[in-house]
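Here the structure is laid out as C-alpha cells; the discussion comes afterwards.
2 protein chains.
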Amino acid sequence: MKVSTISEHPQHDVTMEGAANTRMRMLIGPDDGAESFHMRHFEIAPGGHTPHHAHDYEHEIVVLHGTGVARSDEGDRPMSPGTVLWIPANEKHQMRNTGAEPLEVICLIPAPHNCTS
Amino acid sequence: MKVSTISEHPQHDVTMEGAANTRMRMLIGPDDGAESFHMRHFEIAPGGHTPHHAHDYEHEIVVLHGTGVARSDEGDRPMSPGTVLWIPANEKHQMRNTGAEPLEVICLIPAPHNCTS
Numbered sequence: 061m062k063v064s065t066i067s068e069h070p071q072h073d074v075t076m077e078g079a080a081n082t083r084m085r086m087l088i089g090p091d092d093g094a095e096s097f098h099m100r101h102f103e104i105a106p107g108g109h110t111p112h113h114a115h116d117y118e119h120e121i122v123v124l125h126g127t128g129v130a131r132s133d134e135g136d137r138p139m140s141p142g143t144v145l146w147i148p149a150n151e152k153h154q155m156r157n158t159g160a161e162p163l164e165v166i167c168l169i170p171a172p173h174n175c176t177s
Numbered sequence: 061m062k063v064s065t066i067s068e069h070p071q072h073d074v075t076m077e078g079a080a081n082t083r084m085r086m087l088i089g090p091d092d093g094a095e096s097f098h099m100r101h102f103e104i105a106p107g108g109h110t111p112h113h114a115h116d117y118e119h120e121i122v123v124l125h126g127t128g129v130a131r132s133d134e135g136d137r138p139m140s141p142g143t144v145l146w147i148p149a150n151e152k153h154q155m156r157n158t159g160a161e162p163l164e165v166i167c168l169i170p171a172p173h174n175c176t177s
C-alpha cells in the first residue's frame with residue numbers, strides 16, 4: 061500500500077494547446093505500478109480551462125473544490141464539489157473555472173494514456 | 061457526458077462479511093457504459109469498517125471527508141481529506157473510521173469487478 065497526500069505530489073503546468081492556467085499532479089500512475097487506470101489531480105485557476113478536445117479514451121471525474129462548467133455537446137454543465145462527470149471516449153469536452161477559487165478535480169483515465177489532460 | 065452529484069446516487073449497505081456500518085454508491089459503473097474502470101463512493105460511519113481482506117484487483121482511493129486508518133501490512137496508516145491510497149492487487153487492506161464524522165472516500169476498481177468492496 062502506498063499512502064500519500066494530494067499536496068505532496070509535484071504539480072506540473074499543462075502545456076497542451078488550448079489549456080490555460082491549469083496544473084496537474086499524477087497521484088497514482090505508471091511509476092506506482094498502476095497498470096489499469098491512473099488517478100490525476102487538476103487545479104484550474106480562476107479563468108483557466110482545459111483544452112476543448114476529444115480523444116479515444118474516457119474520463120471519470122469528481123470535483124473536490126471550486127466552481128466551474130463542463131462544456132459538452134449539450135451545453136455548459138455546472139461543476140461544484142461532489143459533481144461527478146462521466147465523459148465517454150471520443151466526446152468533446154472542456155472544464156472551465158468560472159469561480160473565484162481554484163477549481164480542483166480528480167480525473168481518471170485508463171492506462172497507458174499517461175498524458176496531461 | 062453524464063453529469064451527476066454524489067448525493068443523488070442510491071446508497072446501498074455493504075453486506076460483505078467483515079464489513080460494518082458501511083454504505084456504497086456506484087457513481088460511474090457498467091450501467092453507464094464504463095468498460096475500463098468504475099468509480100464508487102463509500103461512506104463508513106464512526107466505528108465502522110470495510111472487510112479486512114485481499115483480492116486480485118487493485119484499489120485507487122482518495123479521501124473526501126472524515127478521518128480513519130487504512131490497515132495494511134505495515135500497520136495502520138492515517139486517512140484524512142486529501143489522502144491518496146494505492147492498494148495493489150492481492151494486498152490485504154481495510155479502512156476503519158476512527159473519527160466522529162462519516163469517513164467518505166472515492167474508491168476505483170478495474171472493470172468488470174462490480175462488487176461492493
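Going line by line, the protein sequences match chains X and G. 61 is the number of the first residue of the first sequence in our numbering; add one for each residue after it. 61 is the number of the first residue of the second sequence in our numbering; add one for each residue after it. All C-beta atoms in this analysis are idealised placements derived from N, C-alpha and C, irrespective of residue type, glycine included. Being a predicted model, the structure only gives us computed values, none of them experimental.
Interface residue (Cβ-Cβ distance to chain G less than 7 Å): X/Lys152 is not classified as such. If the five residues before and after X/Asp136 are omitted, its C-beta is found closer than 6 Å to the C-beta atoms of Val129, all from its own chain and listed in chain order. Rounded to whole angstroms, the gap between the alpha carbons of X/Pro111 and X/Gln154 is 6 Å. In this chain, the beta strand (DSSP E) harbouring G/Pro138 covers Gly135 to Met139. By the Cβ criterion, the segment 94-109 of chain X is not in contact with the segment 76-92 of chain G, since fewer than three pairs of Cβ atoms, one from each stretch, lie closer than 8 Å. Contact residues of the segment 86-105 of chain G toward chain X are Leu87, Ile88, Asp92, Gly93, Ala94, Ser96, Phe97 and Met99 (C-beta to C-beta distance below 7 Å). At a cut-off of 7 Å, the C-beta of G/Thr143 has a neighbouring C-beta in chain X. Only residues of its own chain outside the window of five on either side were considered, and among them Asn81, Asn157 and Pro162 have a CB closer than 7 Å to the CB of G/Ala105, listed in chain order. Note on X/Glu134: under 16 other CB atoms within 10 angstroms of its CB, so exposed under the neighbour-count rule.
When DSSP reads this structure, G/Glu120 sits in a beta bridge with G/Trp146 and G/Leu168.
In this structure G/His98 is buried. Its beta-carbon is surrounded by 16 or more other beta-carbon atoms within 10 angstroms.
Below the 8 Å Cβ cutoff, chain G contributes no neighbours of X/Ala79, its closest Cβ being approximately 19 Å away. Under DSSP, X/Gln154 forms a beta bridge with X/Arg131. Residue environment for X/Ala79: buried (at least 16 other C-beta atoms within 10 angstroms of its C-beta). Proximity of G/Arg131 to chain X, defined by a Cβ-Cβ separation below 7 Å, is not satisfied. Separation of X/Ala160 and G/Glu77 (C-alpha to C-alpha, rounded to the nearest whole angstrom) is 46 Å.
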